[in-house]
């Protein structure tokens, strides 16, 4: 089972925020954040969106704790950078 509270706590600590600072940033009380992180309650959709925007991370990382590899096309800039990088080895 996925632990959204644990994921939120891990991301908060990664961004070096204490509960009081982060709760204020996302518009909830420190007690509510503590309850979410400890699994006593689930965050509302509004809170999830606030957290997502605050961390600027994918919802996958927030909800699942990891981002699954997705086959995606690369941008033109990424393609050019890869070409330059590959030429450095030769």
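In the UniProt record's numbering, the protein residues as written are 1 to 90.
From the three backbone atoms N, C-alpha and C, an ideal C-beta is built for every residue, glycine too.
- For residue 39, the number of other beta carbons within 10 angstroms of its own is below 16, and it is reported as exposed.
- Straight-line measurement puts the Cα of residue 52 at about 10 Å from the Cα of residue 45.
- Contact between residue 4 and residue 54 does not hold, since the beta-carbon distance rounds to 15 Å and is not under 8 Å.
- With a beta-carbon spacing of about 16 Å, residue 47 and residue 20 fall beyond the 8 Å limit used to define contacts.
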